Every structure is written in C-alpha cells, then in structure tokens.
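Structure record follows, encoded as structure tokens.
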Amino acid sequence: MRASFKAGLLLSCILGLPAMANAKPAAKTNPPSVVAQMTLDEKVGQLQAAAPAIPRLGVTGYNWWNEGLHGIARIGEATVFPQAIGLAATWDIDLLHSVGDTVSTEARAKFNGVGADKDHGRYEGLTIWSPNINIFRDPRWGRGQETYGEDPYLTGHLATAFVQGLEGPDLAHPKTIASVKHFAVHSGPEAGRHGFDVDASPYDREATYLPAFRQVVTVAKPGSVMCAYNSIHGTPACASDDLLNIRLRKDWGFKGYVVTDCDAVEDMYAFHFYRNTPEENAAEALKAGTELNCGTYFKYLKTAVDKKLVTTAEIDTAATRLWDARRKLGIDGAPSPYSTISPSAIHTPEAAALALKAARESIVLLKNDGVLPLKSTAKIAVIGPNADALEILQANYHGTAIDPVTPLTGLRTALGADRVSYAQGSNIADGVAIPIPETALSSGGQSGLKGEYFDNPDFTGQPVLTRTDKTVNLDLYNVAPVKGFEKGPYSVRWTGELRPPAAGDYQLKIYTERCWECNNQHDAITLYLDGKPVITDNGDGQSLEASLHFGDAKPHPIRLEFRHVGQDWGVRLQWQTPAEAQVAEALKAAQSADAIVAFVGLSPDIEGEELQILVEGFDRGDRTNLALPVRQEALLKALKTTGKPLIVVNLSGGAVALNWAKDNADALLQGWYPGESGGTAIAETLLGQNNPSGRLPVTFYKSVQDLPPFIDYRMEGRTYRYFKGEPLYSFGYGLSYTTFGYSDIRLSSPTLAAGKNLTVTATVTNTGVVEGDEVAQAYLTPPANDQGLKYSLVGFKRVHLKPGESTEVSFELTPRDLSTVDRVGNRTQVPGDYGLFVGGGQPMTGGVSHNLTLTGNYKLPK
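Right under this line is the structure:
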C-alpha cells in the first residue's frame with residue numbers, strides 16, 4: 002500500500018471523512034470511525050480526563066483539564082484579568098466577550114506551542130473548565146469570588162458573552178470549548194462540598210439556580226457543561242437523569258458533553274453513599290448523561306459492562322461525543338482555523354491594555370466625602386496588608402502575571418516614590434501569616450534581600466542572576482523565576498537583614514504551595530537567622546514555622562535557601578507580628594502625609610476553594626462572619642486618630658461588612674482581586690485619571706446576623722430580590738466623580754398581551770462636570786406574590802457620556818423577562834399590574850418608572 006494512501010486513510014479515520022478519491026475499491030465503503038476501532042479498554046480510557054494516547058489509531062494523549070476563569074491558568078505566564086467577581090462588577094458585556102476571546106487565544110498559543118500532533122498534559126489543552134456561573138447566594142462562600150455575583154440575569158448575560166468569546170463565532174470549529182459549571186445548585190459550604198445534599202425548592206431552582214445555565218446553554222451553546230459535587234434531593238448531580246438528560250439535553254437542546262467536577266463520581270461512592278459499588282456509581286453517572294470523568298472512577302465502567310450495568314453502546318455514545326469535540330477543536334490532524342496562533346500571541350500589548358481596562362471598570366466607589374480625586378502633588382501614606390501583595394492581584398485559578406503592579410507600586414509610579422510612604426500596618430487576620438514587607442528587609446543599603454539564582458540545586462558555581470528582591474514572594478506555578486530554568490532543578494539564596502519593627506514575639510513562616518501530584522518530590526527550604534537554622538524542610542512536609550522573640554528592633558542577619566527540586570508552585574517568606582508594633586509603624590509612616598490610603602480586606606489565602614485554614618472568622622475557605630478582621634479594623638481606627646483624610650480600599654472576593662469604614666472613612670472603594678494591572682487602575686482612580694464606574698454584583702450586608710443559615714439553600718431573605726432588611730450597600734450600587742439623571746421613560750405599549758415583547762426606553766444625562774460611564778439598569782416589579790420576590794433585574798447597559806450629554810437607552814424585554822415562577826416551579830406570564838424602573842441602581846434610587854398592565858396567561862418552556 003502506497004504511503005500516501007496510508008496517510009489519507011489515517012486522516013479519513015481521524016476526521017470521520019470519506020476515503021481519498023484515488024483509493025482502492027475497498028475504500029468505497031466508509032471506514033470504521035476511530036471510536037469503532039477502539040477496544041473497550043481504550044474507550045473507557047478516553048472517558049477519563051487524562052485520556053491516554055492510542056498510537057495505532059493516531060490518537061494523541063490529551064488531558065481535558067484546563068482552566069481559564071480570568072485568564073489562562075496554571076501553565077505559566079499569561080494575561081491575568083480581574084477575578085470573575087471583579088469582571089462582573091464591570092457590568093460590561095462587550096468586555097466579557099473580549100476577555101473570553103483573549104483567554105482562548107492564549108490557550109491556543111500554548112496548545113500550538115506544544116504541537117498539535119503531540120500529547121497534551123494538564124492545562125495544555127483547549128477545553129476550558131470555565132466559567133463558574135453558580136449564584137453567589139451567600140457572602141460566606143469562599144468560592145463566590147469565581148462567580149458573576151448574586152443575580153441570575155446579570156450572571157447569564159455576562160457568562161454568555163464570555164463563553165462566546167472563548168468558543169468563537171464558528172461552533173463547528175471552536176477556538177476553545179467552555180465547560181459551564183457547576184451544574185447545578187452549588188454554592189458552599191466548602192467543608193462539606195463532596196457529600197452535601199441540597200433541598201432547593203422547585204421555585205428556587207427555576208427562579209434562581211437554573212436561569213443562568215439556561216441562558217448560556219440556549220444562547221451561547223457551549224460545548225460542555227460540568228456537573229456539580231452535590232446531590233439534589235438525594236440524587237448526585239452527576240447521576241441526575243432529570244438534570245442532565247431531561248433538563249439539559251431534552252428541554253434546552255444541549256449537544257455537547259458533560260464533565261464531572263474532579264472526583265465527583267468517586268464522591269458518589271465515598272461520601273454520598275449513592276450506590277453500593279464503584280461500578281454501580283460509575284454506571285449511574287454514565288447513564289444519566291455524564292461522558293467525561295475528572296478522576297479515575299470511570300475505570301470501573303469496564304467491569305460495569307461485564308456486570309451488565311451499562312452497555313457498550315452507551316459507552317460508544319459517550320466516547321463519540323468526546324471524539325466529536327476533539328475533531329471540532331482540530332486535535333489529532335483535524336483542521337482548525339486557529340492552528341497558526343503562536344506563543345507570541347501571549348500577553349500582547351492589546352491583551353495587557355484589556356486587563357487594565359477591566360481593572361479600571363471593576364472598581365466600585367462606595368463613598369466619597371469630596372476627598373477624591375487626590376491631587377497629583379499629594380503626599381500619601383500607603384498602609385495595609387493588601388498594599389503590596391502579589392496574591393491579591395492574581396486571586397485563585399490564575400496564570401502568572403508577567404509584570405504585576407501592586408497598589409503600592411502603582412501609586413509610587415503615579416506620584417513618585419518620594420511622595421509615598423509605606424507600612425504594612427497589620428496582618429490579614431490573627432493566626433494568618435503574611436509576606437514580610439520590604440520595610441523589614443534590607444541588603445546592601447537597599448530595601449529587600451539579595452537574591453542569587455543558580456541553575457543547579459546545590460548553589461554551586463556563580464549565580465546566573467543576582468538581583469534585589471523587595472519581598473520573597475515567587476509564583477512558580479509551571480513557570481520559572483529565570484529564563485532557562487524551566488527544566489530545573491535550580492536553587493535560590495536570599496541574604497540580608499531582617500529588622501523587626503519592635504521588640505516582641507514573632508512567628509516566621511515559609512509558605513509553599515505544594516503540588517498535590519508530585520509523589521512527595523517537594524522543594525527543600527532552610528531559613529537561617531543570626532547564622533542558625535530556624536526552619537528546615539527537605540521536602541518531607543515538616544513544619545515551616547518558627548516562633549521567635551526579639552528583645553529589640555535591631556537588624557538580624559537572615560538567609561533563606563530554596564532548592565526547587567520538586568514541582569511545587571511557589572515560595573513566600575512570611576511572618577506574624579505583634580499588632581501594636583505594626584500599628585505604630587503605620588502611624589509613623591502617616592506623619593508627613595497629606596492623606597492616608599489604607600488597603601485592607603481579605604486574601605485568597607483565607608477565602609477560596611477548600612482551604613486548610615481554621616482561624617477566627619474563617620472556616621476552610623468560607624467565612625463565619627462578614628466583618629473586616631479585627632486587626633485590620635483596629636488599624637483603621639488608629640489611622641483615623643491622625644486627623645488626616647482616610648481613604649479605604651477594600652480588596653476581597655466577597656462582600657465585607659465595612660460598617661466602621663462607611664461611617665468614618667472619607668472615601669471607600671471596593672477593588673476586588675483586580676488582576677495584573679490592579680495597582681495602576683487603583684492609582685488612576687484615586688488621582689481622577691479614571692472615573693470609577695463599577696457597580697456591585699452582590700449585596701453588601703451589615704452583619705452575618707442578617708442572613709439565614711449558610712447551609713439553607715432557600716432564597717428567602719437572600720440577595721437584593723428577597724432581602725427585607727437594610728443593606729450596607731445595595732446590589733447595583735456604585736458612585737462616580739460625576740452625576741447622572743434619568744428622564745422620559747417610555748414603553749412600546751403600556752398594556753401588553755402575554756407572549757409579546759416589550760421595549761422600554763429612557764433618557765440618561767450626565768448632569769455633572771466630568772465625563773464618565775454610567776450603568777443604566779432596568780428592574781421589573783411583579784404583582785404581590787407569595788414567593789417574596791420584590792423585583793428583578795431585566796436589563797442593563799453601560800454608556801459613556803460627556804458633561805451635559807444625553808443618550809437614550811432601550812431594553813428589549815422578552816416574555817421570559819416579564820414572567821414569574823410559581824411555587825411548583827412553573828414559569829408563566831400572569832395578568833396584572835407591573836412596575837418598570839430604569840436608573841443607576843435599584844428602584845427608589847433616583848431613576849424613572851412606568852406602570853405596565855399585562856393581559857392574559859402564557860406558560861414558558863423549561
């Protein structure tokens with residue numbers, strides 16, 4: 002057989018195309034598909050995230066797991082956008098589409114860089130397990146930062162744009178495939194996430210938990226959906242025929258594949274106790290409509306076939322859906338219009354500019370007594386634990402920022418270093434270590450430590466690079482600190498002096514982000530103080546903490562030796578200090594300043610996914626109260642005593658009860674986790690170069706006491722739609738350096754028959770003295786109902802206006818927008834009098850309203 006015919010036959014098998022025109026007579030019949038040529042063992046292998054290569058069929062190894070929540074993640078340098086909750090605060094659909102498009106471009110660049118015909122490991126593929134569109138129903142949930150907030154309408158429309166950006170305009174040849182997650186009814190608590198059962202009412206499922214998924218699936222048509230860990234009324238989500246086969250595929254027309262959250266099938270056996278054997282649980286998931294298992298429990302499908310729990314035809318259906326996805330993406334020889342995207346497309350100037358734009362638009366101005374914007378000649382004191390921390394820029398599920406700008410760096414660049422004093426001021430919380438700041442480290446007369454980087458694990462020979470590192474805080478998640486060190490191993494030695502701010506008891510800590518699949522091959526670390534080892538870890542998981550007492554504030558020689566001999570993902574030199582010493586240092590830094598900017602809030606170290614932290618206020622990634630941690634609030638109160646203007650910038654993934662700051666600070670901003678350019682965007686905003694335009698995608702409550710129990714999934718008393726109390730700051734709220742007014746609201750028809758669309762139009766005017774962006778919001782108030790629904794967002798638009806300029810904003814409302822849900826979960830239009838409001842926030846906040854009379858009944862499909 003000629004070589005050219007062999008190649009053509011292989012390509013035909015891979016693409017599922019007819020054989021070549023010049024083939025022998027045997028090629029007149031269609032060759033068997035690639036899946037049909039696989040053995041049962043091979044098919045089962047393809048249904049697991051780390052799908053092995055099948056060389057005889059030209060099938061490369063492919064790991065389906067990749068992340069792109071706010072930038073392509075965990076595979077080295079990439080553009081790092083604001084965390085998802087910050088993107089939601091932009092209320093900017095076009096921006097979300099552009100961010101998704103950039104994420105997919107960088108994913109393609111990394112995939113193509115490996116080689117389309119090569120095996121692709123974890124985080125090297127084109128199947129992106131994002132976005133997370135669960136409803137942020139309770140601010141205690143640590144993973145709420147990954148979502149687009151508490152409202153189904155806002156979430157659904159932002160996610161639709163993001164998914165369309167990820168996948169591109171041609172679904173037959175997607176740029177990447179998005180996996181919309183976690184389907185469904187999943188939002189904490191983290192501590193029990195692997196086995197908890199949700200008793201959500203039919204009303205809450207239809208009115209809150211499913212609409213965003215429906216919107217994205219029916220409009221954006223994503224190639225994948227990820228099923229959740231939890232059960233719903235006793236049935237695990239990944240084994241729910243009602244959820245996956247009926248609602249997702251039958252009702253919504255989903256054509257893609259379903260992937261489990263990681264180890265969710267194993268959880269069905271180990272935590273849900275759903276079925277008695279691994280085979281039965283794997284079979285239940287497959288039969289319910291789950292094609293791909295992140296984990297290894299689908300290996301039991303082989304014996305499940307032997308036990309007649311599933312059929313080979315059912316396995317073929319799943320394998321074929323997955324193979325179709327690979328073929329559409331252009332894997333294993335299939336064509337793709339994106340095959341020429343090269344690594345040079347990573348972090349282009351356009352991508353960096355988009356990250357800065359996103360950070361600018363995400364900042365929410367909560368209060369301003371006139372102190373902002375600051376004068377460009379001002380001397381300021383930058384204070385707080387979040388002023389100079391890399392981790393608050395990148396958040397979780399992140400790539401490695403190429404040139405990250407912390408708030409401290411951004412303000413020094415904007416004002417000049419001589420106009421900025423700095424002090425850390427506080428730890429994040431009691432019992433939580435934080436990177437030792439540059440003010441406590443020195444080497445050769447400079448702030449920071451001397452870092453010597455060696456291309457071997459033993460500090461031998463001359464260092465390849467010597468530099469001064471202001472802090473020791475390296476992100477090493479699939480990236481090297483020096484070009485050429487990518488293959489490792491390597492070593493770094495930091496030397497200099499540690500100067501405690503005052504005498505007292507301290508705790509030094511080395512933070513390492515351990516790789517969880519490294520077979521105990523971890524990095525080795527030794528910390529010396531005064532020439533003596535105080536922390537030693539040879540990669541064996543020993544304690545990386547040391548309690549010390551300093552009798553004075555004199556400098557002490559310090560040396561940190563780090564050997565990267567494993568595959569761990571980072572190293573930080575941290576401490577816990579006496580609170581009084583940090584506050585005294587902060588007050589000293591503020592003495593000569595015209596104003597104080599305090600960067601407080603939370604951290605991905607204490608709020609996030611299934612963290613191993615139990616300290617006051619925090620429980621394994623979730624929160625037990627909403628207050629600013631005690632040490633930080635004490636810092637703010639001390640700074641207030643200076644009499645200088647106090648500007649508070651809160652950086653967090655969830656809402657914080659900033660009660661004291663609201664009453665006492667001169668200005669208050671919410672900055673989220675703002676991405677690589679967060680410091681630049683914050684500095685521009687404080688100085689008036691960026692007019693703040695973000696709006697809250699969540700409610701800020703005054704106290705955890707205002708909320709129902711965390712484990713209760715009823716929406717009663719939660720979010721702006723059902724909360725009956727007075728919030729600290731409302732969903733949709735946000736100030737500007739200008740003002741906006743609304744007038745002339747008009748309806749296409751004040752009386753509307755059910756089943757018809759309605760157009761709502763209003764005029765918005767910039768009534769202030771500077772140009773800026775306004776986010777016009779439309780809300781529908783239904784007739785009084787027994788479900789407690791007050792009103793719902795039904796439209797939003799971001800507009801830019803110069804002083805005195807006006808524009809019309811129009812909202813096209815569909816029957817679904819104008820519908821309500823009854824107790825048993827039926828979505829219908831019912832006759833009655835409705836209210837429509839258009840303004841810069843919720844009803845009763847200075848916009849315009851109009852009554853609508855709806856006639857007739859109309860039942861909407863699920």
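Numbering (the numbering used here), first residue to last: 2 to 863.
No residue lacks a Cβ here, since even glycine has one placed at the ideal position from N, Cα and C.
Just so you know, these numbers come straight off a predicted model, no measurement behind them.
Looking only at SER232, THR854, GLY445, the smallest Cα-Cα distance to LEU748 is reached by THR854. A residue is called buried once 16 or more other Cβ atoms fall within 10 Å of its Cβ, and GLY726, having fewer, is exposed. Residue state for VAL572 is assigned as strand, using DSSP reduced to three classes. Secondary structure note for ALA110: its alpha helix (DSSP H) is the uninterrupted segment 94-115. Per DSSP, the unbroken alpha helix (DSSP H) holding TRP324 starts and ends at 313-330.
Within the region 498-550, the runs of beta strand (DSSP E) at least 3 residues long that lie entirely inside it are, in chain order, 505-513, 525-530, 533-538. Among the bridge pairs identified by DSSP, GLU453 is matched with THR467, ARG494. A straight line joining the alpha-carbon of PRO56 with that of HIS121 spans about 14 Å. Taking the CA atoms as reference points, HIS557 sits about 15 Å from ILE536.
Pairing ARG722 with LEU790 gives a Cβ-Cβ distance under 7 Å. Beta bridge pairing from DSSP links PRO237 with SER232.
Boundaries around ILE178 are those of the beta strand (DSSP E), 178-184, since no alpha helix (DSSP H) includes it. Straight across, the Cα-Cα distance linking HIS98 with LYS488 is about 35 Å.
In terms of Cβ geometry, TYR714 and ALA201 form a close pair [threshold 7 Å].
By the C-beta criterion, the region 748-764 is judged not to be in contact with the region 230-247, since fewer than 3 inter-stretch pairs fall below 8 Å. Within the region 806-840, the beta strand (DSSP E) runs of at least 3 residues that lie entirely inside it are, in chain order, 807-814, 828-830, 833-840. Beta-bridge analysis with DSSP links SER744 to THR764. Under the three-state reduction of DSSP output, ALA668 falls in the strand class.
Close CB contacts of ASN691 within its chain, under the 6 Å cut and outside five residues either way in sequence, are with ARG361, GLU685 (chain order).
Shown here, GLN577 sits in a strand according to DSSP, grouped into three states. Between the alpha carbons of THR156 and LEU41 lies a gap of roughly 41 Å. Taking C-beta separations shorter than 6 Å and ignoring five residues to either side along the sequence, the partners of ALA424 in its chain run ILE384, GLU586, ALA587, ALA590, following chain order. For the pair PRO502 and ALA379, the CB atoms are not nearer than the 7 Å cut-off. With a minimum length of 4 residues, the unbroken runs of alpha helix (DSSP H) contained wholly in the region 599-656 fall at 631-641.
Counting along the chain, ALA682 sits inside the alpha helix (DSSP H) bounded by residues 679-687. It is roughly 8 Å from the alpha-carbon of ILE597 to the alpha-carbon of LEU640.
In the structure shown, the three-state DSSP call for LYS358 is helix.
By the Cβ rule, the region 173-192 counts as touching the region 330-349, because three or more pairs are nearer than 8 Å. Contact check for PRO405 and LEU391: beta-carbon distance about 6 Å, within the 8 Å limit, so the pair qualifies. In its chain, beyond the 5 residues on either side, LEU748, SER749, SER811, PHE812, GLU813, LEU814 have a beta carbon closer than 8 Å to the beta carbon of THR760. Secondary structure of ASP707 (DSSP, three-state): helix.
Here GLU809 is exposed, its C-beta having fewer than 16 other C-beta atoms within 10 Å. In the structure shown, TYR339 adopts coil according to DSSP, grouped into three states. Three or more beta-carbon pairs drawn from the region 611-626 and the region 182-193 are found closer than 8 Å, and the two stretches are therefore classed as touching.
PRO804 is positioned such that its CB atom lies no closer than 7 Å to that of PRO83.
For THR378, the three-state secondary structure derived from DSSP is coil.
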